[in-house]
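Novice:
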């Protein structure tokens, strides 16, 4: 991960926070200077470390929205 | 990861599929026999390998739903 550069373009939402202060966030992130993608991931306080996560396209998010709206 | 046991209780949705056949899925997964959690992750064809991902509580999903509905 040493060479991985990223820039958080926009924090869309902070979904939750763990007792140790890690936050589960939906962000718009540019990896290595490429076009930004949506990214759902845990972050340590102050963004000092990142947890595992998934990148998502706008289409993924639209699909997910439909699914979540049908879930309850 | 050798000792990690999991059971996919329910596939909620397949959000997308990569050219190599990996699928980005929202599942309800039980890890090591514990109570199932929602899990957003990439999977290799036939579930032979798992990619990185995040676990999500029902509250996370509800929050995410609200956020996605407000995004467009």
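Residue numbers (the numbering used here), protein chains in the order written: chain H, 1 to 72; chain V, 73 to 144. From the three backbone atoms N, C-alpha and C, an ideal C-beta is built for every residue, glycine too. Given the structure is predicted, the values throughout are model-derived calculations rather than measurements.
Pull up the distance between the alpha-carbon of residue 76(V) and that of residue 96(V), whole angstroms please.
Specialist: Using only the alpha carbons, I get a separation of about 20 Å.
Novice: Distance check for residue 115(V) and residue 92(V), CA to CA, integer angstroms please.
Specialist: Near 11 Å, if we compare the C-alpha coordinates of residue 115(V) and residue 92(V).
Novice: Leaving out five residues on either side along the sequence, give the residues of the same chain with a beta carbon under 6 Å from the beta carbon of residue 10(H).
Specialist: So the qualifying residues of the chain are 28.
Novice: Buried or exposed for residue 113(V), please, with buried defined as at least 16 other CB atoms from any protein chain shown within 10 angstroms of its CB.
Specialist: Looking at its Cβ environment, which holds 16 or more other Cβ atoms inside 10 Å, residue 113(V) is buried.
Novice: Can the beta-carbon of residue 15(H) be found less than 8 Å from the beta-carbon of residue 38(H)?
Specialist: Not closer than 8 Å, so no.
Novice: With a threshold of 8 Å between beta-carbons, can residue 53(H) be considered close to chain V, or not?
Specialist: Closer than 8 Å: yes.
Novice: Output the boundary residues of the beta strand (DSSP E) element that contains residue 17(H).
Specialist: Looking at the DSSP string, the run of the beta strand (DSSP E) that includes residue 17(H) is 6 to 17.
Novice: With a cut-off of 8 Å, does the C-beta of residue 141(V) fall near any C-beta of chain H?
Specialist: Output row for residue 141(V): interface = yes.
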